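First comes the structure, then the notes that go with it.
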Amino acid sequence: MYSIELVENKIAQYQSNGKKMFTSSSFQSHSLVMLHLISRIDKTIPVYFINTGYHFPETLAFKDRIANAFELNVIDIKSDVPKFMQRDGEGKLLFASDPDHCCYLNKTMPVDSLLRSHDVWINGVRADQSSVRASLKEEQPAPHGAVRYHPMLQWTSKMIWQYIKEFKLPSHPLEEKGFASIGCEPCTRRHDPRMQEREARWFGLKKVECGLHTELVVK
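Going letter by letter, the sequence shown gives residues 1155 to 1373 in the working numbering.
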């Protein structure tokens, strides 16, 4: 079973050591558990939403709804590289021709900047989501001397949905339309029952991660 006390104690430890913390969220349904825990522990911890410029309108509206309901300090961050510069030699936007570089510009770079000014990144990855995430530890070094703290790492999808049911947390509006793992609109498709949770992202490509959990980690 889950325990808020374990997360509460770890955050209190960081605070007693003067650590500057932040968390990030994509505002999917399964992301809400960590946000709800944060709201119960310390609402002042900033929650950064990586606004790539490609999110579904439903995600943006859901983010605002959750920020208000949970009374969270949600802050949008975005790439310093404008979209007109995010094109290949043929003029195509990078999500269509080089999604890895698109993710780097719009997700990895903004969070890398946050790691320069913070000590602890509270991150909601789970080991059961992918082999990449299963290789992480609860506390993992990050670039620039920061630390990644993964309080949900050993949670299962069943535990996530039990928590959501217990606390009556809302669902992302796209779920009822067949979406499971929801990212940027150009790179997300409806979920097929035969797929694993994240296989609807970058469908047909040899890509399962955006770079946040591969490039912004020190092993």
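Ideal placement from N, C-alpha and C gives every residue a C-beta, glycine not left out. Small disclaimer: the values here were computed from a predicted structure and weren't measured.
Spatial neighbours of residue i within its chain, please: C-beta separation below 8 angstroms, excluding the five flanking residues on both sides.
| i | result |
| --- | --- |
| S1311 | H1184, R1280, D1282, E1351 |
| D1252 | D1242 |
| E1363 | S1284, V1286 |
| S1193 | F1224, E1225, L1226 |
| R1219 | P1324 |
| T1177 | M1188, L1189, I1192, I1199, P1200, V1201, Y1202, W1275, I1276, N1277, G1278 |
| S1271 | K1174 |
| P1236 | none |
Are residue i and residue j touching if we call contact CB-CB under 7 angstroms?
| i | j | result |
| --- | --- | --- |
| N1227 | P1200 | yes |
| Y1208 | I1229 | no |
| E1225 | I1195 | no |
| C1338 | T1206 | yes |
| Q1182 | I1336 | yes |
| M1313 | M1188 | no |
| G1332 | T1262 | no |
Could you pull out every residue in the same chain whose Cβ sits closer than 7 angstroms to the Cβ of residue i, ignoring the five residues on either side in sequence?
| i | result |
| --- | --- |
| P1297 | D1266, L1269, L1370, V1372 |
| H1190 | F1224, F1321, L1323 |
What's the C-alpha gap between residue i and residue j?
| i | j | result |
| --- | --- | --- |
| T1213 | I1204 | 12 angstroms |
| L1323 | F1216 | 12 angstroms |
| D1234 | A1250 | 20 angstroms |
| S1285 | P1327 | 28 angstroms |
| Q1294 | H1255 | 24 angstroms |
| E1320 | E1329 | 19 angstroms |
| L1247 | K1232 | 16 angstroms |
| W1315 | Q1308 | 14 angstroms |
| N1171 | G1299 | 15 angstroms |
| K1360 | S1157 | 36 angstroms |
| P1340 | S1180 | 15 angstroms |
| Y1317 | F1238 | 42 angstroms |
| N1222 | L1290 | 32 angstroms |
| E1244 | T1368 | 29 angstroms |
| A1334 | C1257 | 20 angstroms |
| L1160 | R1344 | 35 angstroms |
I'd like the list of long-range same chain contacts for residue i, defined as Cβ closer than 6 angstroms, with 5 residues on each side in sequence excluded.
| i | result |
| --- | --- |
| V1274 | Y1168, K1173, M1175, V1301, Y1303 |
| A1288 | A1281 |
| N1260 | T1206, S1233 |
| G1165 | Position check: residue 1165 holds Ile in this sequence, whereas Gly was assumed. Result list for I1165: I1195, in chain order. |
| L1186 | L1323 |
| E1292 | H1304, L1307 |
Within the present structure, is the beta-carbon of residue i separated from the nearest heavy atom of the ligand NAD by less than 6 angstroms?
| i | result |
| --- | --- |
| R1219 | The ligand NAD is absent from the structure shown, which contains no ligands of any kind. |
> Which runs of the alpha helix (DSSP H) fall wholly inside the region 1178–1204 and span at least 4 residues, in chain order?
Replying inline: 1186–1195
> Mind pulling the alpha helix (DSSP H) runs of 4 or more residues that sit fully within the region 1278–1363?
Replying inline: 1285–1288, 1311–1320
> Whole beta strand (DSSP E) runs in the region 1211–1236 with 3 or more residues, listed along the chain?
Replying inline: 1228–1231
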